[in-house]
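A.B. asks: Reminder that position 135 of the sequence shown reads as 383 in the numbering used here, one-by-one numbering, no gaps. Built from N, CA and C at the ideal position, the CB exists for glycine as well.
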Amino acid sequence: MTSRLGSSTMSKSPTLSAPISWVCRRQVAEVPVDPNAIATWANMVTVGRILISPILFALIPSDSYGSWVAFVMWFFLCVSDGFDGYLARRHGTTKSGAFLDPLADKVLVLGAMFTLVSRGLFPLLPVVIIAVREVAISVYRVLVGSRGISVPASQLAKVKTLSQQLAVGFALAPATVTDADWTWKVLLWFSVGLALVSGGQYAVRALRHRQFQRASGA
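#1: Suppose the cutoff is 8 Å on Cβ atoms and the five residues either side in sequence are ignored; what does the same chain contact list for glutamine 275 look like?
#2: Would you check if the distance between the CB atom of isoleucine 378 and the CB atom of alanine 454 is smaller than 7 Å?
#3: Output needed for glycine 447: all residues of its chain with C-beta closer than 8 Å, excluding positions within five of it in sequence on either side, in chain order.
#4: Which two residues bound the contiguous alpha helix (DSSP H) that contains glycine 417?
#5: If you draw a straight line from the C-alpha of alanine 451 to the C-alpha of lysine 406, how long is it?
#6: Tell me which residue opens and which closes the alpha helix (DSSP H) that leucine 358 is part of.
#7: Under 8 Å Cβ to Cβ from proline 350, same chain only, skipping five residues before and after it: list those, please.
#8: Indicate whether aspartate 332 and valine 293 have their beta-carbon atoms separated by less than 7 Å.
#9: Taking contact to mean at least 3 C-beta pairs separated by less than 8 Å, is the stretch 366 to 375 in contact with the stretch 309 to 321?
#10: Can you give the beta carbon distance from phenylalanine 418 to threonine 431, rounded, assuming they're within the 8 Å contact cut?
#11: Checking 7 Å against the spacing of the C-beta atoms, do glycine 314 and leucine 420 come in under that value?
#12: Quick one: give me the first and last residue of the alpha helix (DSSP H) that tyrosine 388 is part of.
#13: Less than 7 Å between the beta carbons of alanine 352 and isoleucine 298, yes or no?
#14: On the three-state DSSP scale, how would you describe alanine 443?
#15: Using 7 Å as the threshold, is the C-beta distance between methionine 321 and leucine 348 below it?
#16: Could you spell out where the alpha helix (DSSP H) holding proline 302 opens and where it closes?
#17: Roughly how many angstroms separate the alpha carbons of tryptophan 316 and serine 439, rounded to a whole number?
#18: Nearest to serine 344 by alpha carbon, out of Gly393, Arg458, Val445 and Trp437?
#19: Can you tell me which of Val376, Arg456 and Leu356 puts its alpha carbon nearest to the alpha carbon of cysteine 326?
#20: Would you check if the distance between the CB atom of alanine 360 and the CB atom of valine 445 is smaller than 7 Å?
#21: Between the Cα of serine 328 and the Cα atoms of Arg456, Gln413, Trp437 and Lys433, which residue gives the shortest distance?
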């Protein structure tokens, strides 16, 4: 009787331990990170995007025929932007990630755009407008952030970033994919419009915050 009970218990223990082990692993995986942490998976992906960006810039061709290598690399770098955001949402955001992620976006997008300008593929004016807007908003974020106030990106700003990524992507696409320059030109100027409008939203937000501070005697 004892041996039968013992063998029955032993045979059931692996079945019981498997769900318990899975629950433990899931709980460990979903433990939120320290907001002050630096070495996180999301930050590793973000830093990797910054380090790989110069390789992409060097691969951008000087003609209008595009490049499969540059196009595919651009695609994966843009996808990685969403991947590190997923990791941050899953495990928790950090102060370092809030700084590094928009920095990586600006390095990637503006670096690619100015490289295309230097290759004679992008016009200078829209890229300068976008760059000035990005620098102004970055300075605003730093100043406001020094007071402990977070400035999340608006939905319009996210659409603006997507349109910029698409504009660069179509410019890098080989001629076998698209031979219509108007595609990236429309997207580029569309992103300029979104940059100005979303920049205006940040300006209005800053003005209202300043008025609130004055009213409260801050």
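C.D. replies: For this structure:
#1: Working through the sequence shown from its first residue, we reach residue 275 at position 27. Legend: pLDDT at glutamine 275 = 42, less than 50; position of this residue unreliable, value from coordinates given subsequently. Counting only Cβ-Cβ distances below 8 Å, and skipping sequence neighbours, we find nothing.
#2: Stepping through the sequence shown from its first residue, residue 378 is reached at position 130. Stepping through the sequence shown from its first residue, residue 454 is reached at position 206. No.
#3: Reading the sequence shown from its first residue, position 199 is the one you call residue 447. Excluding sequence neighbours, glycine 447 sits near Arg381, Ala384 and Ile385.
#4: In the sequence shown, the residue the question calls residue 417 occupies position 169. Per DSSP, glycine 417 belongs to the alpha helix (DSSP H) from 403 to 420.
#5: One-based indexing of the sequence shown puts residue 451 at position 203. One-based indexing of the sequence shown puts residue 406 at position 158. Computed Cα separation, rounded: 17 Å.
#6: Here the question's residue 358 lines up with position 110 in the sequence shown. Unbroken alpha helix (DSSP H) run through leucine 358: 343 to 366.
#7: As a first step, residue 350 must be located in the sequence shown, where it is residue number 102. Once the five neighbours on either side are set aside, the close Cβ partners of proline 350 are Ser386, Arg389 and Ala401.
#8: In the sequence shown, residue 332 corresponds to position 84, counting from 1. In the sequence shown, residue 293 corresponds to position 45, counting from 1. A distance below 7 Å separates the beta carbons of aspartate 332 and valine 293.
#9: A contact is defined here as three or more CB-CB pairs under 8 Å, and the stretch 366 to 375 meets this definition with respect to the stretch 309 to 321.
#10: Looking up residue 418 in the sequence shown gives position 170. Looking up residue 431 in the sequence shown gives position 183. 5 Å between Cβ atoms; contact.
#11: In the sequence shown, residue 314 corresponds to position 66, counting from 1. In the sequence shown, residue 420 corresponds to position 172, counting from 1. Closer than 7 Å, so yes.
#12: Looking up residue 388 in the sequence shown gives position 140. First-last of the alpha helix (DSSP H) with tyrosine 388: 372 to 393.
#13: In the sequence shown, counting from the first residue as 1, residue 352 sits at position 104. In the sequence shown, counting from the first residue as 1, residue 298 sits at position 50. In this structure, isoleucine 298 lies closer than 7 Å to alanine 352 by Cβ.
#14: As a working note, residue 443 is residue 195 in the sequence shown. Alanine 443: helix per DSSP, three-state reduction.
#15: Stepping through the sequence shown from its first residue, residue 321 is reached at position 73. Stepping through the sequence shown from its first residue, residue 348 is reached at position 100. In this structure, leucine 348 does not lie closer than 7 Å to methionine 321 by Cβ.
#16: Counting from 1 along the sequence shown, the entry for residue 302 is found at position 54. Residues 289 to 307.
#17: The residue you call residue 316 lines up with position 68 of the sequence shown. The residue you call residue 439 lines up with position 191 of the sequence shown. Cα to Cα, tryptophan 316 sits roughly 24 Å from serine 439.
#18: Indexing the sequence shown from 1 puts residue 344 at position 96. When each option's Cα is compared against that of serine 344, the closest is Gly393.
#19: By one-based count along the sequence shown, residue 326 stands at place 78. Selected option, being the one with the closest Cα: Leu356.
#20: In the sequence shown, the residue the question calls residue 360 occupies position 112. In the sequence shown, the residue the question calls residue 445 occupies position 197. No, these two residues do not count as a Cβ contact at 7 Å.
#21: Reading the sequence shown from its first residue, position 80 is the one you call residue 328. For the residues Arg456, Gln413, Trp437 and Lys433, the minimum Cα distance to serine 328 belongs to Gln413.
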